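These notes concern the structure reproduced below.
2 protein chains.
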Amino acid sequence: MDLAEEALKGSQLAGARLIRLLEDRDPVGIEGLKALYPHSGSAYLVGVTGPPGVGKSTLVDHIVAEFRRRQKRVGVIAIDPSSPFSGGAVLGDRVRMQRHATDEGVFIRSMATRGQLGGLSRSTYETSVVLDAMGYDVIVVETVGVGQDELDVVDLAHTTAVVSVPGMGDGIQAMKAGILEIGDLFVLNKADLPGADEAERQLAMMLQLREFGEKDWEPRVLRTVAVQEEGIVELVDALLDHHEYLGKSGKLAPKSEKRDFHFFVELLRAGASEKILKTAERSPGCRAVIEDLKAHRVDPYSAAEALIERLQCEI
Amino acid sequence: MDLAEEALKGSQLAGARLIRLLEDRDPVGIEGLKALYPHSGSAYLVGVTGPPGVGKSTLVDHIVAEFRRRQKRVGVIAIDPSSPFSGGAVLGDRVRMQRHATDEGVFIRSMATRGQLGGLSRSTYETSVVLDAMGYDVIVVETVGVGQDELDVVDLAHTTAVVSVPGMGDGIQAMKAGILEIGDLFVLNKADLPGADEAERQLAMMLQLREFGEKDWEPRVLRTVAVQEEGIVELVDALLDHHEYLGKSGKLAPKSEKRDFHFFVELLRAGASEKILKTAERSPGCRAVIEDLKAHRVDPYSAAEALIERLQCEI
Chain R
0 MDLAEEALKG
10 SQLAGARLIR
20 LLEDRDPVGI
30 EGLKALYPHS
40 GSAYLVGVTG
50 PPGVGKSTLV
60 DHIVAEFRRR
70 QKRVGVIAID
80 PSSPFSGGAV
90 LGDRVRMQRH
100 ATDEGVFIRS
110 MATRGQLGGL
120 SRSTYETSVV
130 LDAMGYDVIV
140 VETVGVGQDE
150 LDVVDLAHTT
160 AVVSVPGMGD
170 GIQAMKAGIL
180 EIGDLFVLNK
190 ADLPGADEAE
200 RQLAMMLQLR
210 EFGEKDWEPR
220 VLRTVAVQEE
230 GIVELVDALL
240 DHHEYLGKSG
250 KLAPKSEKRD
260 FHFFVELLRA
270 GASEKILKTA
280 ERSPGCRAVI
290 EDLKAHRVDP
300 YSAAEALIER
310 LQCEI
Chain X
0 MDLAEEALKG
10 SQLAGARLIR
20 LLEDRDPVGI
30 EGLKALYPHS
40 GSAYLVGVTG
50 PPGVGKSTLV
60 DHIVAEFRRR
70 QKRVGVIAID
80 PSSPFSGGAV
90 LGDRVRMQRH
100 ATDEGVFIRS
110 MATRGQLGGL
120 SRSTYETSVV
130 LDAMGYDVIV
140 VETVGVGQDE
150 LDVVDLAHTT
160 AVVSVPGMGD
170 GIQAMKAGIL
180 EIGDLFVLNK
190 ADLPGADEAE
200 RQLAMMLQLR
210 EFGEKDWEPR
220 VLRTVAVQEE
230 GIVELVDALL
240 DHHEYLGKSG
250 KLAPKSEKRD
260 FHFFVELLRA
270 GASEKILKTA
280 ERSPGCRAVI
290 EDLKAHRVDP
300 YSAAEALIER
310 LQCEI
């Protein structure tokens with residue numbers, strides 16, 4: 000039996016191996032993904048993002064537990080941008096989640112941002128397709144919301160929860176420019192800290208000013224104290240409200256379509272540019288341009304433009 | 000007079016505007032870059048990388064001051080990955096550098112990792128070409144070494160200094176897999192903290208084990224206490240030793256060539272894939288595949304492969 004079949008029958012081991020093969024761009028992994036794809040398309044993707052130290056991992060841990068109480072199977076894709084340097088904290092976070100380790104209804108996958116050939120968003124997309132096809136109802140993508148790569152990842156989710164804590168002050172101001180526009184829910188974690196009311200007021204105010212986002216979904220601010228499991232039920236309710244809203248307003252399918260299409264364009268782009276680079280290597284005109292470039296006789300811009308000008312293509 | 004000419008005559012204002020136009024992918028910026036390119040090629044690029052909290056900004060501040068004492072003009076490209084959330088600390092770091100603000104021999108440019116169309120490494124490359132052409136002798140690129148994008152940036156430098164602090168323990172272990180292989184110098188900052196000897200021993204041991212890197216350059220471990228300006232002179236000496244080593248061993252020019260070539264390939268890739276996507280949009284066969292994709296009748300992999308198979312190109 001092949002990996003895709005085993006994964007479809009529920010083997011976490013087979014799923015994990017497939018994901019690893021995909022990360023390595025192994026053709027066996029890609030064949031597996033193609034086999035799984037028709038079985039995907041029903042999972043609910045939740046993005047949980049926020050700066051380091053706001054307690055995302057603990058929050059995700061409890062979100063997972065709450066979804067389990069509601070009989071949902073849950074996948075977690077935890078993206079760990081600090082991996083090359085991770086100072087122990089991140090490992091500790093992962094360990095905390097190990098209470099789900101013996102639960103067949105939970106699949107946890109950590110990803111470093113390094114060594115993901117083809118980028119983080121591709122790996123996250125592929126992993127989500129695998130988990131989706133394996134029948135995980137909810138897939139939580141946990142990520143530090145910094146860097147374009149990371150934001151691309153967030154963009155994959157149906158619902159995005161942005162996590163902050165009281166006392167971020169300038170931090171929240173800075174968020175305004177970036178992450179505010181992609182949030183559907185705003186979680187104020189550690190809401191037992193001083194300054195929670197003020198922080199909630201600030202968040203609410205900035206949300207009133209925002210001119211982007213869904214017109215008919217009012218972004219919500221929710222308070223949690225993840226370490227004490229406070230506010231988790233309400234948070235999961237709010238996630239499901241947003242999911243329901245997307246379904247009822249006909250926005251769920253287009254979001255999934257957009258994700259597939261985005262990925263397709265990326266693949267097309269990558270494959271096409273490989274083909275073109277190979278063509279360029281064989282072209283004497285191109286080799287001459289490269290010689291000029293190496294000798295500093297032409298700048299990279301002009302060199303690339305000249306070749307693109309000459310490029311003829313047809314599909 | 001145009002921006003490129005003004006920049007060449009030393010106008011920091013013109014240089015800054017050109018960099019901004021390039022970040023916005025404005026054609027005026029690109030024309031400026033082409034004009035500046037022939038004047039570039041002599042700057043020494045130093046990468047300073049390491050996890051948050053090791054004191055990179057303070058270190059860079061003092062490296063700049065030391066190069067100034069040696070009559071070198073210095074550009075700094077500070078990459079701030081936490082920008083969407085920056086909690087004040089980063090701003091504080093920038094402020095610390097302001098003692099160079101009135102020094103015409105220093106040019107400091109901060110970059111967020113967000114909103115850089117075309118990626119961080121492209122912006123860093125372009126900025127370094129501008130500063131290089133403007134006659135800055137040394138360009139220091141300061142970055143948190145996380146994420147592929149960031150490592151691509153580090154890859155642009157002639158010399159890379161990896162900064163850590165005593166007591167990182169697991170962190171250094173984790174570095175092993177990632178950043179160790181790209182370091183030419185290893186700076187143990189805050190070397191007055193307990194555990195410095197142990198940390199230096201660990202670093203030295205791991206460096207002995209590494210099988211990569213330049214065969215004839217022995218990576219060095221240097222101790223600094225940046226806030227007390229200790230070890231800075233020795234660090235700058237070591238940087239210049241490495242620069243000299245690259246020059247004498249004939250490795251300086253190939254490193255620069257590689258940088259230009261890498262950038263050229265990226266531009267060719269991007270330009271070619273744009274052209275192909277436009278061709279694809281006009282192709283009825285391609286439109287049919289996209290319809291199948293939207294209807295979930297075909298997976299993104301098979302869809303992209305089918306089109307790439309059909310792609311004909313010529314340069």
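Chains as they are written, first to last, in numbering that gives the first Met the number 0: chain R, 0 to 314; chain X, 0 to 314. Glycine included, each C-beta is placed from N, C-alpha and C at the ideal position. Quantities reported herein were computed from a predicted structural model and do not represent experimental measurements.
1) Which residues, in order along the region 269-280 of chain R, keep a beta-carbon less than 9 Å from a beta-carbon of chain X?
2) Where DSSP assigns a beta bridge to residue 141/X, which residues make up the other side?
3) Going by C-alpha to C-alpha distance, which of 313/R, 207/R and 70/R sits closest to residue 219/R?
4) Alpha carbon to alpha carbon, how far is residue 103/R from residue 16/R? Give it in angstroms, no decimals.
5) Can you pull the chain R neighbours of residue 9/X, defined as C-beta to C-beta under 7 Å?
6) So residue 75/X packs on residue 107/X, CB below 8 Å; how close in whole Å?
7) State yes or no: is the C-beta of residue 122/R within less than 9 Å of the C-beta of residue 77/R?
8) Since I believe residue 285/X is in contact with residue 274/R (beta carbons under 8 Å), could you give me their beta-carbon distance rounded to a whole number of angstroms?
9) Under a Cβ-count criterion, where at least 16 other Cβ atoms within 10 Å of its own Cβ denotes burial, should residue 303/X be classed as buried or exposed?
10) Would you list, in chain order, the members of the region 220-236 of chain X that have their beta-carbon closer than 8 Å to a beta-carbon of chain R?
11) Quick one: does residue 18/X have its CB under 9 Å from some CB of chain R?
12) I'd like the list of long-range same chain contacts for residue 232/R, defined as Cβ closer than 7 Å, with 5 residues on each side in sequence excluded.
13) Quick one: give me the first and last residue of the alpha helix (DSSP H) that residue 11/X is part of.
14) Residues in the same chain with beta-carbon distance under 7 Å from residue 272/X, minus the five sequence neighbours each way, listed in chain order, please.
15) Using 9 Å as the threshold, is the C-beta distance between residue 21/R and residue 31/R below it?
16) Find the residues of chain R that neighbour residue 282/X, judging by a C-beta separation of less than 9 Å, and give them in chain order.
17) Would you say residue 182/X and residue 161/X are within 9 Å of each other, going by their C-beta atoms?
18) Taking Cβ-Cβ distances below 7 Å as the criterion, which residues of the region 25-41 of chain R are in contact with chain X?
19) Quick check on the DSSP output: the beta strand (DSSP E) that includes residue 163/X runs from which residue to which?
20) Let me know if residue 259/X comes out buried or exposed under the rule of 16 or more other beta-carbons within 10 Å of its beta-carbon.
21) If you pair each beta-carbon of the region 47-55 of chain R with each one of the region 181-199 of chain R, do three or more pairs fall below 8 Å?
22) Could you tell me if residue 25/X is buried or exposed, where buried requires 16 or more neighbouring beta carbons within 10 angstroms of its beta carbon?
23) Just checking: is the beta-carbon of residue 122/X within a distance shorter than 9 Å of some beta-carbon in chain R?
24) Going by Cα to Cα distance, which pick from 281/R, 60/R, 45/R and 292/R is closest to residue 252/X?
25) Tell me where the beta strand (DSSP E) around residue 326/X begins and ends.
26) Count the other C-beta atoms from every protein chain shown that fall within 10 angstroms of the C-beta of residue 84/X, then say buried if there are 16 or more, exposed otherwise.
27) Note down, in chain order, every chain R residue with its Cβ under 7 Å from the Cβ of residue 300/X.
28) Just list the alpha helix (DSSP H) runs in the region 216-274 of chain X, keeping only unbroken ones of 4 residues or longer that don't cross its boundaries, in chain order.
29) To the nearest angstrom, report how far apart residue 184/X and residue 263/X are at their CA atoms.
30) Starting from residue 313/X, follow the beta strand (DSSP E) in both directions and report where the run begins and ends.
31) CA-CA distance, residue 242/R and residue 72/R?
32) Taking C-alpha atoms, which residue in 124/X, 143/X, 7/X and 280/X lies nearest to residue 53/X?
33) Identify every residue that forms a DSSP beta bridge with residue 187/R.
34) Measure the C-alpha to C-alpha separation of residue 298/X and residue 279/R and round it to an integer number of angstroms.
35) Give the secondary structure of residue 108/R by DSSP, where H, G and I count as helix, E and B as strand, and everything else as coil.
36) To the nearest angstrom, how far is the alpha carbon of residue 226/X from that of residue 137/X?
This is what the structure holds:
1) 269, 270, 271, 272, 273, 274, 275, 276, 278 and 279
2) Position 142 of the second sequence, counting from 1, holds the residue named residue 141/X. Residue 141/X pairs with 47/X and 77/X.
3) Here residue 219/R refers to the residue found at position 220 of the first sequence. When each option's Cα is compared against that of residue 219/R, the closest is 207/R.
4) Counting from one through the first sequence, the residue named residue 16/R turns up at place 17. Counting from one through the first sequence, the residue named residue 103/R turns up at place 104. Taking the straight line joining both Cα atoms gives about 16 Å.
5) For the purposes of this step, residue 9/X is identified with residue 10 of the second sequence, where counting begins at 1. Correct list: empty, because the minimum Cβ distance to chain R is about 21 Å.
6) By one-based count along the second sequence, residue 75/X stands at place 76. By one-based count along the second sequence, residue 107/X stands at place 108. Indeed they touch by this definition, with Cβ atoms about 5 Å apart.
7) As a first step, residue 122/R must be located in the first sequence, where it is residue number 123. As a first step, residue 77/R must be located in the first sequence, where it is residue number 78. Against a cut-off of 9 Å, the Cβ pair of residue 77/R and residue 122/R comes out as no contact.
8) Residue 274/R sits at position 275 when you count from the first residue of the first sequence. Residue 285/X sits at position 286 when you count from the first residue of the second sequence. Wrong, their Cβ atoms sit about 15 Å apart, outside the cutoff.
9) Along the second sequence, one-based indexing puts residue 303/X at 304. Residue 303/X is buried by the Cβ-count criterion.
10) none
11) To locate residue 18/X, count along the second sequence from 1; it is residue 19. With 9 Å as the cut-off, residue 18/X does not count as an interface residue toward chain R.
12) Here residue 232/R refers to the residue found at position 233 of the first sequence. So the qualifying residues of the chain are 65.
13) For this step, residue 11/X is matched to residue 12 along the second sequence. Counting along the chain, the alpha helix (DSSP H) containing residue 11/X begins and ends at 11-22.
14) What you label residue 272/X is simply residue 273 of the second sequence in a count that begins at 1. Taken in chain order, the list of residues that qualify is empty.
15) Counted from its first residue, the first sequence places residue 21/R at position 22. Counted from its first residue, the first sequence places residue 31/R at position 32. Yes, these two residues count as a Cβ contact at 9 Å.
16) On the second sequence, position 283 is the one that residue 282/X refers to. Neighbours of residue 282/X on chain R, chain order: 313 and 314.
17) The residue you call residue 182/X lines up with position 183 of the second sequence. The residue you call residue 161/X lines up with position 162 of the second sequence. Yes.
18) 29, 32, 33, 36 and 40
19) Residue 163/X sits at position 164 when you count from the first residue of the second sequence. 158-163 is the span of the beta strand (DSSP E), which, as asked, contains residue 163/X.
20) Along the second sequence, one-based indexing puts residue 259/X at 260. By the 10 Å Cβ count, residue 259/X comes out buried.
21) yes
22) Translated into positions along the second sequence, residue 25/X becomes position 26. By the neighbour-count rule (16 or more Cβ atoms within 10 Å), residue 25/X is not buried but exposed.
23) By 1-based counting over the second sequence, the position of residue 122/X is 123. False, the Cβ-Cβ gap to chain R never drops below 9 Å.
24) Taking the first residue of the second sequence as position 1, residue 252/X is located at position 253. Checked all of 281/R, 60/R, 45/R and 292/R; the closest Cα to residue 252/X is 292/R.
25) The requested residue 326/X is not part of the displayed model; chain X covers only 0 to 314.
26) Here residue 84/X is taken as the residue at index 85 of the second sequence, counted from 1. Because the pLDDT at residue 84/X is just 37, under 50, the model does not fix this residue reliably, and the point stays unresolved.
27) Residue numbering aside, residue 300/X sits at position 301 when the second sequence is read from its first letter. The contacting residues are 29, 32, 33 and 266.
28) 231-247
29) Here residue 184/X refers to the residue found at position 185 when the second sequence is read from its first residue. Here residue 263/X refers to the residue found at position 264 when the second sequence is read from its first residue. Taking the straight line from one Cα to the other gives about 29 Å.
30) For the purposes of this step, residue 313/X is identified with residue 314 of the second sequence, where counting begins at 1. Where residue 313/X is concerned, the enclosing beta strand (DSSP E) stretches over 311-313.
31) Sequence index remark: in the first sequence, residue 242/R carries index 243 (1-based). Sequence index remark: in the first sequence, residue 72/R carries index 73 (1-based). Going from the Cα of residue 242/R to the Cα of residue 72/R covers about 16 Å.
32) Numbered from its first residue, the second sequence carries residue 53/X at position 54. The candidate whose alpha carbon is nearest that of residue 53/X is 143/X.
33) Taking the first sequence and counting its residues from 1, one reaches residue 187/R at position 188. For residue 187/R, which the question treats as bridged, DSSP gives the partners 163/R and 222/R.
34) In the second sequence, residue 298/X corresponds to position 299, counting from 1. In the first sequence, residue 279/R corresponds to position 280, counting from 1. If you take the alpha carbons of residue 298/X and residue 279/R, they lie about 29 Å apart.
35) Position 109 of the first sequence, counted from the first residue, corresponds to residue 108/R. Reduced to three states, the DSSP call for residue 108/R is strand.
36) Within the second sequence, numbered from 1, the residue matching residue 226/X stands at position 227. Within the second sequence, numbered from 1, the residue matching residue 137/X stands at position 138. For residue 226/X and residue 137/X, the distance between alpha carbons rounds to 22 Å.
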